[in-house]
Structure formats: structure tokens, C-alpha cells
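In this note's numbering, the protein residues as written are 3 to 153.
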């Protein structure tokens, strides 16, 4: 289990270091996540309106990993809020092992005076492996520290 935790942290940090040009964010996500209720949350910008939203959670008998691509990341009208939508793999390394496809839609606010972003999202998962099912209770609250410019 220690090797799995180290591998997850290494993957998370490698992704963080490899992406450049736009602001990156690291923080915490509270809410239902692969049977856990707290996760390390990260956002890695790929361009002006595209990014990777990744989470790693520990506890609940295993490690949960989501790596979601948000191809839609746009302002809400003329406000300071942004909304996003995306999809990607959802994995739980534990007993039972699960692999699925997650969707995501959320809204967030990046403070201008401090490098903090807060947000809320809904993340349903269609579990494909071990027992096929739909899990629709993935609501979460994010708070992240922003590195780089506020775009």
C-alpha cells in the first residue's frame, strides 16, 4: 500500500510539474469520492479553456484516483465565476477494485486578491468493472491554492 501511495503522489507531482503556461492549483476536495470523503485536488491548465482536474483520495479501504479532462471551462456571463464540464477515468484501488467513467460539471470562483479558488461540482460515475452500476452521489466542494496567473 505504501508503494501505491508513493506512486500516486509521484504521478500527481509529475503532472503538476509537466504542465506550464497557465495557473495550476492544488488543494482539497470534500465530498463523496470513491467511497472516501476527502481528496487531494489538483487542476492543471492545458490552455485558456481546457484543463485536467485530478483527485487522489486515501482511506475507505483503498486509494481513489480520478483524472478528468475539462474541455469546457468558461466564464459565467460577465461574472467572475467560471463553469466547467468534463469526463475521464475513475479508479478505486482497493477491495473491491472498481474502474469507471466519470463525468463532471461544476462552478468555481478565483479570488483576485489572494491565490485561492473555491468551487462546487457534481461528479457521477458509471462503474464498468467490478460490478457495473451508476453512482450518482458525487457532490463535492473544492478549495485550492493557485500557482501562477489568475486567467
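Note that beta-carbon positions come from the ideal geometry of N, C-alpha and C, so glycine has one too.
Every value quoted in this text rests on a predicted model; they were computed, and no experiment measured them.
How many Å lie between residue i and residue j at the Cα?
i           : j           : result
residue 134 : residue 103 : 11 angstroms
residue 35  : residue 93  : 10 angstroms
residue 121 : residue 59  : 18 angstroms
residue 144 : residue 109 : 10 angstroms
residue 140 : residue 117 : 26 angstroms
residue 64  : residue 149 : 29 angstroms
residue 56  : residue 88  : 11 angstroms
residue 153 : residue 50  : The pLDDT assigned to residue 153 is 48, lower than 50, so where the model puts this residue is not dependable; a value taken from the coordinates is nonetheless given after this. Going by the C-alpha atoms only, they are around 8 angstroms apart.
residue 126 : residue 90  : 11 angstroms
residue 101 : residue 137 : 12 angstroms
residue 70  : residue 43  : 11 angstroms
residue 128 : residue 97  : 18 angstroms
residue 130 : residue 99  : 11 angstroms
residue 77  : residue 33  : 24 angstroms
residue 86  : residue 132 : 29 angstroms
For my contact list, residue i and residue j are in at a C-beta cut-off of 8 angstroms; report their separation, rounded to the angstrom.
i           : j          : result
residue 111 : residue 82 : 6 angstroms
residue 53  : residue 41 : Going by Cβ atoms, the distance from residue 53 to residue 41 rounds to 17 angstroms, so no, they are not a contact pair.
Is it true that the CB of residue j sits closer than 8 angstroms to the CB of residue i?
i           : j           : result
residue 66  : residue 146 : no
residue 25  : residue 47  : yes
residue 115 : residue 142 : no
residue 27  : residue 72  : no
residue 38  : residue 62  : yes
Within the present structure, is the beta-carbon of residue i separated from the nearest heavy atom of the ligand FMN by less than 7 angstroms?
i           : result
residue 139 : You won't find the ligand FMN in this model; it holds no ligand whatsoever.
Can you find a CB in chain C that lies within less than 8 angstroms of the CB of residue i?
i          : result
residue 80 : Included in the structure is just one protein chain, with no chain C present.
ask   = Which runs of the beta strand (DSSP E) fall wholly inside the stretch 41 to 68 and span at least 3 residues, in chain order?
value = 52 to 61
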